[in-house]
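Enquirer: Can you read through this structure? Questions will come right after.
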Amino acid sequence: MGDVLAGIHATWEFASDSVLIRFERGIRAPKLFQALRERRIPHEALESVTLTPGKRGTVVLHAVPRPGADPLMEAASGQLKEVCDPYRLVLPAERGTLAEYYADELRGALVPHASRPADRYLVAAPDAPLNFKAYDGKAAFDGRQVTFRWFWTGASSEKWKAGDQTFPVAALSGVEWRSPDVFDGHLRLLRREPGGFPGQADRDPAAVVFGLGYGPVHESLPFAAAVLAAVRGGGGPSIPHQTVPVPAGRRDPADIAERIRHLGELHRAGLVTDDEFSAKKAELLAEL
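Okay, so the sequence shown: first residue is 9 according to the numbering used here, each after it adds one.
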């Protein structure tokens with residue numbers, strides 16, 4: 009192949025062994041596309057290819073990934089809205105004939121065992137380091153371990169009692185991502201050996217919960233995919249999970265400043281008393 013097919017919000021560049029998807033970063037493009045920027049999809053990662061009529065005079069070229077081939081889609085587990093599906097290319101209907109040509113070309117490039125689940129990830133996950141702000145804490149992943157730092161204003165008493173958490177990739181068996189678009193959205197780390205924590209995400213020190221403006225799809229889903237890929241690709245022996253508190257000492261000044269800003273918002277809203285504000289602010293400043 010070697011040609012380019014430009015659609016709405018994305019451009020597909022066809023190579024002999026893969027499709028390079030470049031996502032637009034315009035204001036109307038889904039934020040997930042803007043975060044992903046571009047993805048190379050090997051032909052062996054695809055299960056099927058369809059071309060169907062779309063809405064308002066468009067056609068949709070859809071390359072369906074094989075189960076287990078893409079950590080992003082595995083983490084999403086069918087929860088993505090159709091408009092945010094990175095495997096859909098929407099084109100004006102007048103380009104339908106050209107789209108059908110490329111659909112046929114892709115179908116001809118599928119591997120003989122395309123209907124079988126992949127035995128490994130074939131599409132690269134987003135690169136670490138990654139981080140995002142959840143409702144009850146800040147999640148960070150450096151490629152080797154996941155860290156949760158709790159927000160005093162959002163974390164449950166169970167999480168404050170457990171303290172900030174660090175989870176080595178080798179101690180994890182997977183990731184559970186529940187979209188922030190639903191009521192109980194969260195990201196939970198699945199441990200190789202259960203730690204006996206409560207089932208509710210807001211009480212589980214191995215989970216962060218989402219909320220309005222917290223843990224949006226374009227931040228939390230790539231994060232979940234990167235962790236999932238590291239867990240599946242890490243190999244090595246299975247080791248018991250250990251919840252490792254973040255060592256005391258000097259903290260990131262930007263993190264402290266964010267906590268103080270959030271605390272101030274609650275104080276101005278009358279949800280925190282003057283004494284509580286002064287005491288907690290002093291505690292935070294002492295961590296610098």
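Ideal Cβ placement from N, Cα and C applies to all residues, glycine included.
In this text, all values refer to a predicted model and were calculated from it rather than measured experimentally.
Excluding sequence positions up to five away, which residues of its chain have a Cβ less than 6 Å from the Cβ of V252?
Expert: Low confidence applies to V252: its pLDDT is 41, below 50, so where it sits in the model is not reliable, and the reading given next is rough at best. Correct list, in chain order: T174.
Enquirer: Measuring alpha carbon to alpha carbon, tell me which residue in D144, R199, A23, G221 is nearest L271.
Expert: For the residues D144, R199, A23, G221, the minimum Cα distance to L271 belongs to D144.
Enquirer: Could you give the C-beta distance for V216 and L198, rounded to a whole number, given that I count them as a contact under 8 Å?
Expert: Contact doesn't hold; Cβ gap of about 14 Å is too wide.
Enquirer: What three-state label does DSSP hand P50 in the structure shown?
Expert: strand
Enquirer: Hey, how far is the Cα of G278 from the Cα of A290?
Expert: 19 Å
Enquirer: Could you have a look at K167 and say whether DSSP puts it in helix, strand or coil?
Expert: Residue state, collapsed to three classes: helix.
Enquirer: What residues in its chain sit with their C-beta under 6 Å from that of T58, if we drop five residues either side in the sequence?
Expert: H70
Enquirer: Leaving aside the five residues before and after D282 along the sequence, list all residues of the same chain whose C-beta is less than 6 Å from its C-beta, in chain order.
Expert: none
Enquirer: Using 8 Å as the cut-off, can you tell me whether the region 46-53 makes contact with the region 117-133, which would need three or more C-beta pairs spanning the two stretches below that distance?
Expert: yes
Enquirer: Do P75 and P134 have their C-beta atoms within less than 7 Å of each other?
Expert: no
Enquirer: Is R91 helix, strand or coil when you go by DSSP?
Expert: As written in the sequence, residue 91 is Val, which differs from the Arg given in the question. If DSSP states are grouped into helix, strand and coil, V91 belongs with the helices.
Enquirer: How would you write the range of the alpha helix (DSSP H) that P79 sits in, first residue to last?
Expert: 79-84 is the extent of the alpha helix (DSSP H) around P79.
Enquirer: The beta strand (DSSP E) spanning S187 covers which residue range?
Expert: No beta strand (DSSP E) contains S187, which DSSP labels as neither H nor E.
Enquirer: If you compare alpha carbons, which of A107, V225, L114 is closest to P61?
Expert: Minimum Cα distance to P61 is reached at A107.
Enquirer: If you run the structure through DSSP and keep just helix, strand and coil, what is E21?
Expert: strand
Enquirer: Excluding sequence positions up to five away, which residues of its chain have a Cβ less than 6 Å from the Cβ of K167?
Expert: W158, P213
Enquirer: Would you grab the beta carbon distance between T19 and R30 for me? Rounded to a whole angstrom, and I think it's under 8 Å.
Expert: 5 Å
Enquirer: Report the residue from A136, K146, V67 whose alpha carbon sits nearest the alpha carbon of A111.
Expert: V67
Enquirer: Less than 7 Å separating the beta-carbons of V177 and R200?
Expert: no
Enquirer: Considering Cα atoms alone, identify which of H226, G171, I264 is closest to L80.
Expert: H226
Enquirer: Please report how far the alpha carbon of P245 lies from the alpha carbon of W185, in whole angstroms.
Expert: The predicted model places P245 with a pLDDT of 37, which falls under 50 and marks its position as unreliable; any figure quoted below should be read in that light. Rounded to whole angstroms, P245 to W185 spans 25 Å at the Cα level.
Enquirer: Where do the N-terminal and C-terminal ends of the beta strand (DSSP E) with K63 fall, by residue?
Expert: No beta strand (DSSP E) holds K63; DSSP gives it neither H nor E.
Enquirer: Quick check on R2: buried or exposed, where buried means 16 or more other Cβ atoms within 10 Å of its Cβ?
Expert: Because the chain spans 9 through 296 in this model, residue 2 falls outside it and cannot be assessed.
Enquirer: Nearest CA to the CA of G219: which residue from A142, A148, A23?
Expert: A142
Enquirer: Find the nearest neighbour of A136 within the set A233, E46, K146, E21, judged by alpha-carbon distance.
Expert: Residue A233 holds the alpha-carbon nearest to the alpha-carbon of A136 among A233, E46, K146, E21.
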